[in-house]
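Our numbering applies: residue 3 is where the sequence shown begins, and numbers increase by one.
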Amino acid sequence: MKDLLMEVRNISKSFSGVQALKDVEFQIYSGEVHALVGENGAGKSTLMNILSGVYQQTGGTMIWQGKEVSFQNTREPKSLGIAMIHQELSLAADLSVMENVYMGRLAKTSFHTIDYRKLKEDTVKYLRRVGLDEGLAETKVKELSVSQQQMVEIARALSLDAKLLIMDEPSACLTQNETKILLDLIRELRDQGVAIIYISHRMDEVFEIAQRITVLRDGCVVGNFMSDEVSVDQILSTMVGREYKVEKLHSCRAAYQDEPILEVEKLWYKNIVKGVSFKLYPSEVLVITGLVGAGRTELVETIFGCRKATSGKVTIEGRNITGVKACKMTKEGLALVPEGRKIKGILPQMSVEDNTWISALSRFTRFGIIRTNDAAKEVEHQINSLNVKTPSVEQLMKHLSGGNQQKVILGRCLMCLPKILILDEPTNGIDVGAKQEIYKIIDDLSKQGISVICISSEIAEVMQIADRVLVMHEGSVTGELINDGHLSQDVIMQYASNVKIQA
Ligand SMILES: Nc1ncnc2c1ncn2[C@@H]1O[C@H](COP(=O)(O)OP(=O)(O)OP(=O)(O)O)[C@@H](O)[C@H]1O
Ligand SMILES: [Mg+2]
Numbered sequence: 003m004k005d006l007l008m009e010v011r012n013i014s015k016s017f018s019g020v021q022a023l024k025d026v027e028f029q030i031y032s033g034e035v036h037a038l039v040g041e042n043g044a045g046k047s048t049l050m051n052i053l054s055g056v057y058q059q060t061g062g063t064m065i066w067q068g069k070e071v072s073f074q075n076t077r078e079p080k081s082l083g084i085a086m087i088h089q090e091l092s093l094a095a096d097l098s099v100m101e102n103v104y105m106g107r108l109a110k111t112s113f114h115t116i117d118y119r120k121l122k123e124d125t126v127k128y129l130r131r132v133g134l135d136e137g138l139a140e141t142k143v144k145e146l147s148v149s150q151q152q153m154v155e156i157a158r159a160l161s162l163d164a165k166l167l168i169m170d171e172p173s174a175c176l177t178q179n180e181t182k183i184l185l186d187l188i189r190e191l192r193d194q195g196v197a198i199i200y201i202s203h204r205m206d207e208v209f210e211i212a213q214r215i216t217v218l219r220d221g222c223v224v225g226n227f228m229s230d231e232v233s234v235d236q237i238l239s240t241m242v243g244r245e246y247k248v249e250k251l252h253s254c255r256a257a258y259q260d261e262p263i264l265e266v267e268k269l270w271y272k273n274i275v276k277g278v279s280f281k282l283y284p285s286e287v288l289v290i291t292g293l294v295g296a297g298r299t300e301l302v303e304t305i306f307g308c309r310k311a312t313s314g315k316v317t318i319e320g321r322n323i324t325g326v327k328a329c330k331m332t333k334e335g336l337a338l339v340p341e342g343r344k345i346k347g348i349l350p351q352m353s354v355e356d357n358t359w360i361s362a363l364s365r366f367t368r369f370g371i372i373r374t375n376d377a378a379k380e381v382e383h384q385i386n387s388l389n390v391k392t393p394s395v396e397q398l399m400k401h402l403s404g405g406n407q408q409k410v411i412l413g414r415c416l417m418c419l420p421k422i423l424i425l426d427e428p429t430n431g432i433d434v435g436a437k438q439e440i441y442k443i444i445d446d447l448s449k450q451g452i453s454v455i456c457i458s459s460e461i462a463e464v465m466q467i468a469d470r471v472l473v474m475h476e477g478s479v480t481g482e483l484i485n486d487g488h489l490s491q492d493v494i495m496q497y498a499s500n501v502k503i504q505a
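Written out as structure tokens, the structure is:
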């Protein structure tokens, strides 16, 4: 039997009008990975925020190594050895990687100035452990990709030498390679006796890494299993409270004999996107997949005008839109749901309603007057059809659970009535049930004639939603495959790593 490190008894938490947790019981053992799973809004982050002192519980007690504790701030749990990697990135964008890793505990020289040499030396150790280039220690965080930033968060958590390490969806914006590094690290820490709480919507990861799995539903613990005594389907059914089934959606909707709606010709962006050409057809769902650093996000951001193309051409229905700025793209019929919520997406201090209709403002404005009633009606429709869990549309965006924020961003793009919708990893952090809902939405949009470009790293997702797949490797397209129902994971992986394809 492992040592009981921490115990949570009858924990409840309510926010004004929302009961987020009800009488939750939870045991944490040293040297064990404990996965916490549940649908979006089930209460996972809230529970972990209580354990790490961000929130105070409304009822119940916490026992740490046999003694009752109550945390009034985040310092107390930290001093006991509890570290948390939050669901949303929490780095200071304008500071360097090393300043972020050691924020609040910067090494000082004997003259009381910051000891940058030691800072760098110490940081490099942790960068190496998470597989990041040592040269990044002095780079500003804002120059890193979302996944690199996540690895910096992990490096920071490692540097705290915690007894209990809480990871709230650490892999949501990581690709397969990085996730592998993360899982190896977790195993290493576990073997050293660290207790790890791992929140994820990815069942393959959960079963690979966790010994114990707790399922939350609507703020209650509805299941507690040892991972070798339970099946994935059992966990999913416990999560959603009914039998869980995957619907096969792929139906090859695209009309390839039609004129393409979007054409990308020899598009270059610096040395990251290298001469990419492809066509997108009406009603088509085109999935772009590949490994870390393949340039997929940069490609769609260049198409969308967030980045200035070095050379090449983009046309929509024959109109040249190369060089059009991102803010004008809505008018051209293009909408982008960006990767990584906090950095590029949400307006945390504004309501769900404002977050939903902000990009479509011009549609509801005539002679300088905003038709708020019409806008409100459409927002209500989007929020309902996307099944966003919120007490009302007036709720502040920052109070929604991570997955529900993601759905609001999708709603925002749909409010602009795009002809082409670009989704960058749209189901990151979305629970399995809601994932199927999003696939269904993509399917419906495509039936309505909207074309979709979707970046995805999850092979199962690629197979389920794609009409056609573009595989990228180091900035170039290495493979183009029609999803005729016989796509194989191996072939996609071979193109993604650009190894020679066997005939
Ligand atoms: N500060 C807050 N104010 C009001 N309501 C909140 C606040 N924080 C969380 N909630 C609500 O509590 C519930 C649980 O949210 P929580 O973030 O814990 O869910 P989660 O299980 O982490 O979901 P996800 O998988 O989407 O991250 C949700 O209904 C959420 O809207
Ligand atoms: Mg959460």
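By construction, the Cβ of each residue, glycine as well, lies at the ideal position given by its N, Cα and C atoms.
beta-carbon residue i near ligand 2 non-hydrogen atom, thresh 7 Å
i      : result
SER387 : no
ASP446 : no
SER47  : yes
ASP220 : no
GLN152 : no
ASP170 : yes
Cα-Cα separation, residue i to residue j
i      : j      : result
VAL464 : ARG119 : 46 Å
ASP124 : VAL390 : 43 Å
GLU231 : MET495 : 31 Å
PHE306 : GLU341 : 13 Å
GLN58  : GLN438 : 34 Å
THR181 : ALA498 : 16 Å
LYS142 : LEU121 : 15 Å
THR48  : LEU23  : 8 Å
TYR258 : GLU319 : 14 Å
LYS281 : ILE290 : 12 Å
THR312 : VAL339 : 23 Å
GLY297 : HIS203 : 25 Å
LEU93  : GLY106 : 12 Å
LEU363 : ILE372 : 8 Å
TYR128 : VAL275 : 30 Å
Distance cut-off 7 Å: residue i Cβ against heavy atoms of ligand 1
i      : result
LEU402 : yes
ASP433 : yes
PHE113 : no
GLN89  : yes
VAL99  : no
LYS391 : yes
GLY295 : no
ALA37  : no
Enclosing alpha helix (DSSP H) for residue i [first to last residue]
i      : result
LEU160 : 148 to 161
SER448 : 434 to 449
GLU208 : Note on identity: in this sequence residue 208 is Val, with Glu being the wrong assignment. Unbroken alpha helix (DSSP H) run through VAL208: 205 to 211.
ASP356 : 354 to 359
LEU301 : 298 to 305
ILE1   : Lying outside 3 to 505, the shown extent of the chain, residue 1 is not represented and no answer is given.
Residues near residue i by beta carbon distance below 8 Å, same chain, minus five either side
i      : result
ARG130 : GLU136
GLY243 : ARG219 and VAL224
ILE538 : Here the chain has residues from 3 to 505 only, and residue 538 is not among them.
In DSSP terms, what residue i is bridged to
i      : result
TRP66  : MET8 and LYS69
GLU267 : LYS315
THR324 : Answer is none; THR324 lacks a bridge partner.
LYS110 : ILE116
GLU482 : LEU472
VAL287 : VAL454
GLY225 : VAL217
Contact set for residue i: own chain, Cβ-Cβ below 6 Å, skip 5 residues either direction
i     : result
ASN12 : ASP25 and GLY62
PRO79 : SER54, GLY55 and PHE73
Own chain, CB closer than 7 Å to residue i, minus 5 neighbours either side, in chain order
i      : result
GLN384 : THR358, GLY413, LEU416 and MET417
Boundaries of the beta strand (DSSP E) in which residue i is found, first to last residue
i      : result
ILE215 : 214 to 219
ASP25  : 20 to 31
Short CB-CB distance (under 8 Å) between residue i and chain B
i      : result
SER149 : Of the protein chains in this structure there is only one, and it is not chain B.
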